[in-house]
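Numbering (the UniProt record's numbering), first residue to last: 1 to 101.
Even glycine gets a Cβ: it sits at the ideal position worked out from N, Cα and C.
Input: a single structure, listed below in structure tokens.
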């Protein structure tokens, strides 16, 4: 089972920085290979900056059910397993979390 790390997390992976009902994903840092609620939590908790993951890997975890997803499944806007809707404004930060290679 994978874990979502962050500051002030609730049971679905919402943190102090992003805590709307649909802020329920963890995003993987390619350097430490851990899932974080957001890049801000990562950078506050780790000794390195958040590094984006390849879109073709499995860089996303659903905070509701724990399903690991690739970028294409994540970009559909909901968990492929439990169908919980993700925050549609997350696309504003995709360049921080995902790379093309």
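Where residue 47 and residue 99 are concerned, what is the direct C-alpha to C-alpha distance, given to the nearest angstrom? Walking along the chain shown from the start, residue 47 turns up at place 47. Walking along the chain shown from the start, residue 99 turns up at place 99. So the two alpha carbons sit approximately 21 angstroms from each other.
May I ask you to verify whether the region 19 to 37 touches the region 74 to 91, counting CB pairs closer than 8 angstroms and requiring at least 3? Using a Cβ-Cβ distance cut-off of 8 angstroms, the region 19 to 37 and the region 74 to 91 are in contact, since at least three pairs of beta carbons, one from each stretch, lie closer than that value.
Counting C-beta neighbours from all protein chains within 10 Å, is the total for residue 2 16 or more, i.e. buried, or is it exposed? As a working mapping, residue 2 is identified with position 2 in the chain shown. Counting other Cβ atoms within 10 Å of its Cβ, residue 2 stays below 16 and is therefore classed as exposed.
Whole-angstrom C-beta distance between residue 4 and residue 37, which should lie under 8 angstroms: Here residue 37 refers to the residue found at position 37 of the chain shown. Here residue 4 refers to the residue found at position 4 of the chain shown. Right, the Cβ-Cβ distance comes to about 6 angstroms (below 8 angstroms), so this counts as a contact.
First and last residue of the beta strand (DSSP E) that includes residue 61? For the purposes of this step, residue 61 is taken as residue 61 along the chain shown, with counting starting at 1. Per DSSP, residue 61 belongs to the beta strand (DSSP E) from 60 to 62.
Would you identify the three-state DSSP class for residue 96, choosing helix, strand or coil? Here the question's residue 96 lines up with position 96 in the chain shown. In the structure shown, residue 96 sits in a helix (DSSP, three-state: H, G or I).
Simplified DSSP state of residue 54, which is helix, strand or coil: As a position in the chain shown, residue 54 is number 54, starting the count at 1. If DSSP states are grouped into helix, strand and coil, residue 54 belongs with the strands.
Determine the direct distance from the alpha carbon of residue 78 to that of residue 65, and round the result to whole angstroms. Against the chain shown, residue 65 aligns to sequence position 65. Against the chain shown, residue 78 aligns to sequence position 78. Cα to Cα, residue 65 sits roughly 12 angstroms from residue 78.
Between residue 41 and residue 15, how many whole angstroms is the CB-CB distance? I'm expecting something under 8 angstroms. Taking the first residue of the chain shown as 1, we reach residue 41 at position 41. Taking the first residue of the chain shown as 1, we reach residue 15 at position 15. Yes, they are in contact, since the Cβ atoms of residue 41 and residue 15 sit about 5 angstroms apart, within 8 angstroms.
What does residue 69 pair with, by DSSP beta-bridge criteria? By one-based count along the chain shown, residue 69 stands at place 69. According to the DSSP secondary-structure assignment, residue 69 is paired through a beta bridge with 60.
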